[in-house]
Amino acid sequence: MNRLMVFLDTIRDHLDLHQLPPVATLTVRTWSDPLTVQLDAHRLSDVAGALLTWANTLDDVAASLWRTSDGDSVHLSITGRTPCGIPVHVYSGVHFDPAVFPDLPAGARQDMPVFQLRQWTRPGEVAA
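Going by this note's numbering, the sequence shown runs without a break in its numbering and finishes at 164.
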């Protein structure tokens, strides 16, 4: 039980230390599974900004996107580790816009550069 409390205290401290955007859900399963954070944001500029805020608190950050199989939405996500090594996965979904995601067929997953999120924080930006 003591190990679990230390683990949960570490997560709480990370959340308290940084001014992180609103979270819809936060899931803790085990020490080896990532801390999964679903953001409470749905507009592209808001999701991108929230993911960047989280990315600035993590090490070894990678970004990706996934268009759902029905083609209606795209999940943007980052993965990384807290400075003490806890794996983290942060994500949210946005409405699919072919002008923003021109080369993303339904069901496809792609890695993307983290800097792409910065471009999307400005409303009206499209994919490079």
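Glycine included, every Cβ here is placed at the ideal spot set by N, Cα and C.
Quiz prompt | Within the segment 66–121, ranges of the beta strand (DSSP E) (whole runs, at least 3 residues) | solution = Entirely contained in the segment 66–121, the beta strand (DSSP E) runs reaching 3 residues are, in chain order, 71–75, 95–103 and 109–117.
Quiz item: Are Ser170 and Gln146 close, meaning C-beta to C-beta below 8 Å?
Solution: There is no way to answer for residue 170, as the model of the chain reaches only from 37 to 164.
Exercise. Would you give the residue range spanned by the beta strand (DSSP E) that Arg145 belongs to?
Key: Run containing Arg145: Arg145 to Met148, per the beta strand (DSSP E) assignment.
Quiz item: Where Val42 and His125 are concerned, what is the direct C-alpha to C-alpha distance, given to the nearest angstrom?
Solution: If you take the alpha carbons of Val42 and His125, they lie about 20 Å apart.
Exercise. For the beta strand (DSSP E) holding Leu153, just list the boundary residues, first then last.
Key: For Leu153, no beta strand (DSSP E) encloses it; the enclosing alpha helix (DSSP H) starts and ends at Phe151 to Trp156.
Quiz item: How long is the line joining the alpha carbons of Gln55 and Leu88, rounded to whole angstroms?
Solution: The straight-line gap from Cα to Cα measures roughly 12 Å.
Exercise. Would you tell me roughly how many angstroms separate the C-alpha atoms of Gly85 and Ser109, rounded to the nearest one?
Key: One C-alpha to the other measures close to 18 Å.
Exercise. Report yes if the CB atom of Pro70 is closer than 8 Å to the CB atom of Asp95, and no otherwise.
Key: Pro70 places its beta carbon 8 Å or farther from that of Asp95.
Quiz prompt | Sub-8 Å separation of Leu112 and Ser128 beta-carbons | solution = At a Cβ-Cβ threshold of 8 Å, Leu112 and Ser128 count as neighbours.
Quiz prompt | Simplified DSSP assignment, three categories, for Val136 | solution = Residue state, collapsed to three classes: coil.
Quiz item: DSSP three-state call for His54: helix, strand or coil?
Solution: Three-state DSSP puts His54 in coil, outside helix and strand.
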